[in-house]
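Asker: A single structure is presented below for examination.
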Amino acid sequence: MLKSVINLFFPPICTGCKNLLLPNEKIICTICRHEIPLTNHHLLHENEAMGKFYGRIDLQHASTLFYFHKKGIVQELIHNLKYRGHEEIGVLIAEWYLVDLKKITALKDADYIIPVPLHPKKLKSRGYNQVHSFAQTLSKGLQIECNEKLLFRTKYTKTQSKKNLLGRSDAIQDAFDVVYSDREHHKHFLLVDDVLTTGATLESCCRALQKIPGAKISIVCMAMAQ
Ligand SMILES: [Zn+2]
């Protein structure tokens, strides 16, 4: 009842095209949903996401669900998730991706899901980690424990997007560290993040995780920039 009254005054609109959503639609309409470019990385072990890390980090698996284009629907979704508090978008993307991720053999022995952490200062100013709801939903769906304490961020980088690529890589190096015990030895860590661009942030996370004896690592992101 309350929900229908709220909807009367604030009818839910599609994040992509801004048209009214039908009662059975959530966040994006069916038309926009079909327009979103899918990578289909899950169909191929040697995919583009894996390719980003060749010669840098040895991974068990890497994949993203969407392609990310400037001014596209995916950018709009991630912008709303990251800067406008719409954490339900992380849930939607995870539920969408779970159908594919459940079929990936390389992830069957994953022990922990690790969302890429924000620096405590950034977490305080944003109020939430934009990858949290995505990681939690994957955790439930794949029945893999989500660990948000093991990996942490040591460096605070403020205007990362304005720096050139080289500067970004420099700034992000050694930006993460791990706190672990014997219990975390010889485990398979599934790192999750929003957008895979240069891979510098994830590489830095991997370097930190590699301090743990016998660590195996996989990466799953919502989208990949082309
Ligand atoms: Zn739409």
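The sequence shown begins at 1285 in the numbering used here and counts up one residue at a time.
Glycine included, every Cβ here is placed at the ideal spot set by N, Cα and C.
Since this is a predicted model, take the numbers as computed values, not measurements.
Roughly how many whole angstroms lie between the Cα atoms of GLU1330 and PRO1401?
Answerer: Position 46 of the sequence shown, counted from the start, is the residue given in the question as residue 1330. Position 117 of the sequence shown, counted from the start, is the residue given in the question as residue 1401. Near 27 Å, if we compare the C-alpha coordinates of PRO1401 and GLU1330.
Asker: When you get a sec, list the residues whose CB is within less than 5 Å of any heavy atom of ligand 1, chain order please.
Answerer: Going by the Cβ distance cut-off, the answer is CYS1298, GLY1300, CYS1301, CYS1313, CYS1316.
Asker: Looking at the secondary structure, which residues open and close the alpha helix (DSSP H) in which PRO1404 lies?
Answerer: Here the question's residue 1404 lines up with position 120 in the sequence shown. PRO1404 -> alpha helix (DSSP H) spans 1404-1410.
Asker: Taking the alpha-carbon of ARG1499 as reference, which of CYS1489, MET1506, ALA1507, MET1508 has the nearest alpha-carbon?
Answerer: Locating residue 1499 in the sequence shown gives position 215, counting from the first residue. It should be pointed out that residue 1499 corresponds to Ala in this sequence rather than to Arg. For ALA1499, the nearest C-alpha among the options comes from CYS1489.
Asker: So what does THR1348 bridge to, in DSSP terms?
Answerer: Working through the sequence shown from its first residue, we reach residue 1348 at position 64. Answer is CYS1505, bridged to THR1348.
Asker: Quick check on DSSP: helix, strand or coil for VAL1479?
Answerer: Counting from one through the sequence shown, the residue named residue 1479 turns up at place 195. VAL1479 falls in the strand class under three-state DSSP.
Asker: With three or more beta-carbon pairs closer than 8 Å as the criterion, would you say the region 1413-1424 touches the region 1360-1374?
Answerer: Yes, the region 1413-1424 is in contact with the region 1360-1374.
Asker: Within its chain, find whatever has a CB closer than 8 Å to the CB of LEU1328; leave out the 5 residues flanking it on each side and keep chain order.
Answerer: By one-based count along the sequence shown, residue 1328 stands at place 44. Closer than 8 Å at Cβ, skipping near neighbours: no residue.
Asker: Compute the distance between the beta-carbons of ALA1394 and LEU1435, then report whether it is under 9 Å.
Answerer: As a first step, residue 1394 must be located in the sequence shown, where it is residue number 110. As a first step, residue 1435 must be located in the sequence shown, where it is residue number 151. Contact: no.
Asker: Out of ASN1324, VAL1462, THR1482, VAL1476, which one is the CA nearest neighbour of ILE1428?
Answerer: On the sequence shown, position 144 is the one that residue 1428 refers to. For the residues ASN1324, VAL1462, THR1482, VAL1476, the minimum Cα distance to ILE1428 belongs to VAL1476.
Asker: Tell me the DSSP bridge mates of ASP1393?
Answerer: For the purposes of this step, residue 1393 is identified with residue 109 of the sequence shown, where counting begins at 1. Note: ASP1393 sits in no beta bridge, so no partner.
Asker: Provide the residue span of the beta strand (DSSP E) that contains LEU1435, from first to last.
Answerer: Mapped onto the sequence shown, residue 1435 falls at position 151. First-last of the beta strand (DSSP E) with LEU1435: 1435-1437.
Asker: Along the chain, which unbroken stretches of the beta strand (DSSP E) at least 3 residues long are found entirely within the region 1311-1360?
Answerer: Runs of the beta strand (DSSP E) inside the region 1311-1360: 1345-1352.
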